[in-house]
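Numbering (UniProt numbering), first residue to last: 1 to 146.
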């Protein structure tokens, strides 16, 4: 199980706090590497489904293409919208690629504050939706046993 980051700039930045006028106030940065978050989430999903996660057998790699939260201002409340994009590949024990797919997850929530906690929650929901799509793909499941 591995993950890499295809984002080219400011990889720790996952969003921005905004004021009531929608103007950016401060960057929201992840305290944990985004690649670690994604790798650990996929590994947890695989373990939960009964797969052994280790160094032998099929190798899963998730390349992070998008991991960002945007806030918007509304009349009585704001919105938190998160986008997560991954390119997932599976290689067999011989090193041949047997699966490749771009997956995405999007989540949106109504929020009162444009802060890091709300960004993290919405990003977590978007990542969960992306992983639900991945784990529901019969080709991915088949690739794990090749």
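The C-beta atom is built at its ideal place from N, Cα and C for all residues, glycine as well.
A distance below 6 Å between beta-carbons, with the five flanking residues on each side excluded, links residue 59 to the following residues of its chain, in chain order: 91. Shown here for residue 146: same chain residues with a beta carbon closer than 7 Å to its own, the five before and five after excluded, namely 58, 92 and 98 in chain order. Counted as a single uninterrupted DSSP element, the alpha helix (DSSP H) harbouring residue 47 occupies residues 34-48. In this structure, DSSP gives residue 139 a helical state, which the three-state scheme calls helix.
Counting only residues of its own chain and dropping the five nearest sequence neighbours on each side, residue 1 has a CB closer than 7 Å to the CB of 39, 42, 43, 53 and 60. By the beta-carbon neighbour count (other beta carbons within 10 angstroms, threshold 16), residue 36 is exposed. C-alpha of residue 18 to C-alpha of residue 56: approximately 46 Å in a straight line.
Here residue 113 is exposed. Its C-beta has fewer than 16 other C-beta atoms within 10 Å.
Residue 23 and residue 62 have their C-alpha atoms spaced approximately 33 Å apart. With fewer than 16 other Cβ atoms inside 10 Å of its own Cβ, residue 110 counts as exposed. Scanning 138, 8, 50 and 107 for the CA closest to the CA of residue 71 turns up 107.
Residue pairing of residue 17 in beta bridges, as defined by DSSP: 26. The alpha-carbon separation between residue 28 and residue 81 amounts to approximately 14 Å.
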